[in-house]
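In the numbering used here, the protein residues as written are 2 to 314. Following: one structure in structure tokens, then a few remarks.
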């Protein structure tokens, strides 16, 4: 009412200026002066604005945000619980108070979790199945891949999830792990899938060498014991390199720190705990589940024997 937008330009002394119509300052010092503004009526006559409009003060948003081509209100917060649990709480409260016609949508990490988080279990199961099939083709057995995965993956997952659920009982209690916790978000889920492939190599080293020792004539128990002792150094070296390589991700700060921290904590915690217990659990499961290769050794020995020579030749 008291000012307009750009309507034209005019030139003076070689310079171009914008034309923006506006009421003089003394005529717009307070809202009551709007009642003295005249507008053109139906018959072309000027009539006061107060005859056709009522002046009323109210509260309106400074700006109207839009999301997905709809008017939107953005709510931001810090989740002191796992993000998925916080979103479920928000959805439950929204269902109680939002009137008909209002919907709830997400952006950023929350949107990723809602659109891609439900795909984690199928992706994780597919990763396990693919690794199992590759190992089955390599070892020509279904038992050895089961020994490798059962002896390494569950413990590694447990170690990774320690940093996810460590502060869940009382998230408001500050202690030394305050900066070393994450949530089960899309980034930590990627870390869990990656962890399965990394930690499986520990079991592969032990099982593969134990099978070779059995073929050389060692009993099953002696073979797996010597395999664990012999492969101790390679396992520790590769695991230490993996942990050291991912540890800087846990110290990142600034933009994108949450994503990197999540991946780093999952991989570092999973590799540390998985490596620590794999050296004891894999040999135990190997004794219970792995095949005895003494029959293979006897079969190879029979094939290697020269054919009998008839007497008298």
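Just so it is clear, CB atoms sit at the ideal spot from N, CA and C, and this is done for glycine as well.
- Residue pairing from DSSP places residue 41 in a beta bridge opposite 47.
- Separation of the CB atoms of residue 210 and residue 234 is rounded to 12 Å, and the pair is thereby denied contact status at 8 Å.
- Taking residue 84 as reference, the option from 214, 188, 215 with the minimal CA-CA separation is 188.
- Exclusion of the five residues before and after residue 75 leaves 66 as the residues of its chain whose Cβ lies within less than 7 Å of its Cβ.
- Contact annotation: the segment 149-158 touches the segment 187-207, with at least three C-beta pairs closer than 8 Å.
- Non-local beta-carbon contacts of residue 240 in its own chain, meaning distances under 6 Å to residues more than five positions away in sequence, involve 272, 276 in chain order.
- About 5 Å separates the Cβ atoms of residue 128 and residue 197, confirming a contact at the 8 Å cut-off.
- Residue pairing for residue 11: DSSP places it in a beta bridge opposite 18.
- For residue 234, the three-state secondary structure derived from DSSP is helix.
- Bridge pairing for residue 67: 72 [DSSP].
- Taken through DSSP and simplified to helix, strand or coil, residue 125 comes out as helix.
- For residue 20, same chain residues with a beta-carbon under 8 Å away, outside a window of 5 residues either side, are 7, 8, 9, 10, 11 in chain order.
- For residue 260, the enclosing alpha helix (DSSP H) stretches over residues 258-290.
- In its chain, beyond the 5 residues on either side, 148, 151, 152 have a beta carbon closer than 6 Å to the beta carbon of residue 286.
- Of the residues 259, 18, 13, 288, the one whose Cα lies closest to the Cα of residue 223 is 288.
- Taking 8 Å as the upper bound for CB-CB distance, residue 267 and residue 161 are in contact here, some 4 Å apart.
- In the three-state reduction of the DSSP assignment, residue 203 falls in the helix class.
- In terms of Cα proximity to residue 157, the closest of 270, 291, 15 is 270.
- Contact holds between the segment 27-38 and the segment 48-61, because three or more Cβ pairs, one in each stretch, are under 8 Å apart.
- Annotated three-state conformation of residue 143 is coil, per DSSP.
- Setting aside the 5 residues that flank it on each side, residue 243 is surrounded in the same chain by 199, 272, each with a C-beta closer than 7 Å to its C-beta; the list follows chain order.
- When 263, 29, 32 are compared, the shortest CA-CA separation from residue 164 is found for 263.
- Secondary structure at residue 57: coil, using DSSP grouped into helix, strand and coil.
- Residue 282 and residue 226 have their C-alpha atoms roughly 12 Å apart.
- No Cβ-Cβ contact shorter than 8 Å links residue 236 with residue 214.
- Around the CB of residue 293, fewer than 16 other CB atoms lie within 10 Å, so the residue is classed as exposed.
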